[in-house]
Structures are given as C-alpha cells and as structure tokens.
Amino acid sequence: MEQLKDVLAPTIPTATPTSKAKVVPLPSPETDDLLKCSRCSQGYSVSLWKQWAEANHRQPGICQPCKRMEQAKLIRSARSDTKGILIRAGFERALISKTIQDVRTEGSFTSERRHDVLDRSFSILNPKKRTKRGICFIGPVGRGKTLMATLLARRFVRMGYNEHWLAMCRVPRLIGWARDQYSLEFNERETVEGMLEIYTEKYFLVVDDLGVRRGEATPFEQELIYRLIDERYLKRDRTFTVVTTNRTLADIDREIDPRVRSRIMEMCHVIHLDGPDWRAEVPG
C-alpha cells in the first residue's frame with residue numbers, strides 16, 4: 000500500500016528561488032569620523048567622544064574604558080599619599096591628619112548643624128548635587144574654617160588628584176611675599192601676574208584668611224586680592240574655590256572692595272561657622 004505522503008508528493012510544489020536574498024549592510028561610520036584612543040588605539044565615533052567630554056577633562060584623548068582604568072590607578076596612588084600631597088600643596092601639617100570626627104559640636108554648633116555644613120560643603124564636589132563650585136566659610140577666629148577647608152581638600156585628593164591640581168593660598172603670606180619684591184632690584188622682581196599664576200591656574204584652591212589684616216587694606220593689598228578673586232571668578236565654571244575669612248561680607252565690602260564681595264557671593268555658597276573657639280580648652 001502506498002503511503003499518503005507518496006501519493007501527495009507529486010502535487011506539492013517545490014520551492015524554486017526566484018531571486019537572491021537581499022543583503023542589507025549595517026551602517027558603519029566613515030574612517031574620517033573615527034577618533035582613536037591614545038592608549039588602546041581603538042577607534043570611536045565623534046558622537047561618543049562628545050558624550051565623554053565631561054567625564055574626565057584631564058585626559059581628553061583617552062576613551063572611556065581607558066579613562067576608568069587610569070582614574071582607578073590615580074585614586075589608588077592619591078589615597079596612598081594623601082598626607083604628602085596636602086603637605087606639598089601648602090596645607091598645615093597639624094590639620095591634614097584631622098577627620099570629620101574632629102569637628103567639634105559643642106555649644107550652638109550642634110551635631111545636626113555639623114552634618115548640614117559637611118553636606119553643603121562636600122556638595123560642590125558632587126556633580127549630581129552641586130549648584131556652585133565654591134564655598135566661603137565665614138566666622139570668628141577658632142571656629143574651624145581652615146579645618147573645614149582642609150577636609151574638603153582631603154576629599155578632593157581622594158578623588159584622584161595630586162598637588163599639581165590643588166593649593167593653599169594664605170593671603171597674609173601672599174601679601175608679605177608681594178611686598179618683599181620691592182626690596183629686590185627692578186629686573187629681579189616678580190610680576191603680579193607671576194605671583195598669582197601659581198594660584199589662579201589651580202583646579203582646586205583654598206584662599207585662607209582673606210582680609211585678616213586689621214583695618215582697611217592698602218590700595219596695593221586691595222588690588223592684589225581683587226586680582227586673585229577675579230581670576231578665580233572668571234574660571235568659576237571650571238574650577239573649585241574655597242574661601243575662609245573672619246571678616247563679614249559687609250567688612251569685605253568696606254575694607255577691601257565691593258567687587259570682591261560680589262564675586263565671592265556669586266561663585267560660592269556662604270556658610271557661617273559659629274559656636275565656641277575650637278582652639279580653647281572645652282570645659283569638662
């Protein structure tokens with residue numbers, strides 16, 4: 000007996016190709032549109048480089064995977080030498096070993112207030128939280144302004160930066176250095192631009208004891224301080240600036256220059272530090 004499939008086989012049409020399969024090539028960028036990584040030589044499209052532009056400004060010619068590897072290496076190196084980096088950047092040896100736990104909370108400077116100050120301070124280093132890239136700590140002597148600035152610098156170093164990227168500028172020392180130039184021969188004197196360049200070009204700068212001199216500043220001091228703050232103000236969208244002062248904003252307006260006060264207010268969050276003198280012995 001014949002099988003049903005054998006009976007139906009002659010009536011089943013066979014598939015006969017009428018045309019070749021159409022091959023659709025995947026779009027590929029032109030060779031000219033590819034930019035090569037200086038580390039791995041891998042080519043990436045221009046659009047990808049644009050997306051990576053803000054990821055790591057320090058190495059603009061390196062692709063994102065290589066940047067992550069390099070950043071991890073920098074972080075390990077910086078964290079292993081945090082104290083040395085801060086010392087070479089001009090920070091006080093006595094403060095670089097301090098931690099957040101050393102921020103006292105006696106008196107009106109409560110624990111809740113401490114956490115609020117720390118959160119607002121560290122927000123300038125967090126691109127998801129920051130609205131400004133600067134902090135101005137204002138308060139009487141001994142309230143921990145320089146300590147808070149050092150804690151911020153410490154956090155910055157642990158992000159992978161070394162002493163080439165940050166510095167501590169002590170305004171009284173800067174003014175004294177500038178005045179010493181007048182005792183030198185004219186052709187040996189440092190220009191104002193040369194004196195300020197070491198500070199104005201830093202990615203992270205602490206301007207410590209702004210306006211610490213009693214009484215009104217001399218025209219020379221006013222101009223020097225204004226030039227320093229103005230240079231940082233012009234770079235406020237690309238740099239971080241931390242200011243400490245025991246003068247009020249009204250004092251800065253009156254004793255130094257209203258332009259200095261105006262620029263500080265625009266580029267910095269102003270934080271007032273209160274409470275007791277941290278250098279004084281706390282009664283048991």
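All residue numbers for the sequence shown refer to numbering that gives the first Met the number 0, where the first residue is 0 and numbers rise by one. We put the CB at the ideal spot given by N, CA and C, even for glycine.
Pairing Thr240 with Leu204 gives a Cβ-Cβ distance under 8 Å. Between the C-alpha atoms of Phe90 and Met167 there is a straight-line separation of about 6 Å. Straight through space, the alpha carbons of Val259 and Tyr232 are spaced by roughly 9 Å. With at least 16 other beta carbons inside 10 angstroms of its own, Ile84 counts as buried.
Just so you know, the alpha carbons of Glu184 and Thr190 end up roughly 12 Å apart. When DSSP states are grouped into helix, strand and coil, Thr199 belongs to the helix group. In the three-state reduction of the DSSP assignment, Phe136 falls in the strand class. Straight-line spacing of the CA atoms in Thr149 and Arg92 works out to 10 Å. DSSP places Val269 within a strand segment (E or B) once states are collapsed to three.
Residue nearest to Ala249 within the set Met264, Gln50, Arg235 is Met264 (criterion: CA-CA distance). Nearest to Cys65 by C-alpha distance, out of Ser122, Ser96, Ser76, Cys39, is Cys39.
Boundaries of the beta strand (DSSP E) harbouring Val242: 239-244, taken from the DSSP string. For the options Thr243, Met158, Glu220, the alpha carbon positioned closest to that of Arg67 is the one of Met158. Secondary structure at Asp256: coil, using DSSP grouped into helix, strand and coil. Taking C-alpha positions only, Ser76 is separated from Tyr43 by approximately 29 Å. It is roughly 24 Å from the alpha-carbon of Arg246 to the alpha-carbon of Leu165. Shown here, Met167 sits in a strand according to DSSP, grouped into three states. In terms of Cβ geometry, Val242 and Leu227 do not form a close pair [threshold 8 Å].
Residues of the same chain with a CB within less than 6 Å of the CB of Trp176, apart from the 5 flanking positions on each side, do not exist.
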